[in-house]
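Take the sequence shown: its letter number 94 is residue 718 in my numbering, and every next letter is one higher. Written below as structure tokens is the structure these notes are about.
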Amino acid sequence: MYRYVVEDMECSHYAKAFDAPHVPLRLPRAKKLLSHIQRTFGTLPFCRRWLEREDGGSSFINPKGAKQEKYIMGLKNLVDNGIVTAYPPLCDIKGSYTSQYEHTLILRYEYIHI
């Protein structure tokens, strides 16, 4: 079996597609949310929790507040139209073992330290 993790559970992370097609949006909430996503995050990933914050995800860009309310249908519409990509959590398949590891590289003039 080569598949050790699967997309599972409720999705909470999203990103605007870099090559998102221009799709005429009919839902006003989807238009408003797309405008907020473009202004605040661009194509960087974001989570729904950030949309619910008082500053809408960035106190630097939205200092007076931009909390998104009742945005779930708009977000679903953006995902369905291919404008926003959903990234669901990856979960282990029962009976398999998955690990994660990272390396830190320090680039010095004389050497590279791992």
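Quick reminder that beta carbons are idealized off the backbone N, C-alpha and C, glycines included. Every value quoted in this text rests on a predicted model; they were computed, and no experiment measured them.
Pairwise C-alpha distance: residue j and residue i
i	j	result
Ile707	His637	14 Å
Cys635	Arg673	11 Å
Arg653	Tyr695	6 Å
Asn686	Cys715	34 Å
Asn705	Gly689	28 Å
Lys718	Pro712	18 Å
Ala639	Thr709	5 Å
Leu658	Arg677	17 Å
Tyr735	Pro648	53 Å
Range of the contiguous alpha helix (DSSP H) that encloses residue i
i	result
Leu675	672–675
Thr664	652–664
Lys590	With the chain running from 625 to 738 in the structure shown, residue 590 is simply not present.
Asp704	696–704
Exposure label - residue i; buried when at least 16 CB within 10 Å
i	result
Met625	Its pLDDT being 49, under 50, Met625 is placed unreliably in this model, and the value from its coordinates should be taken loosely. Burial call: exposed.
His727	exposed
His737	exposed
Gln692	buried
Ile661	buried
Check your understanding: Okay, do the region 638–654 and the region 664–671 touch, 3+ Cβ pairs below 8 Å being the bar?
Key -> Enough Cβ pairs lie closer than 8 Å, so yes.
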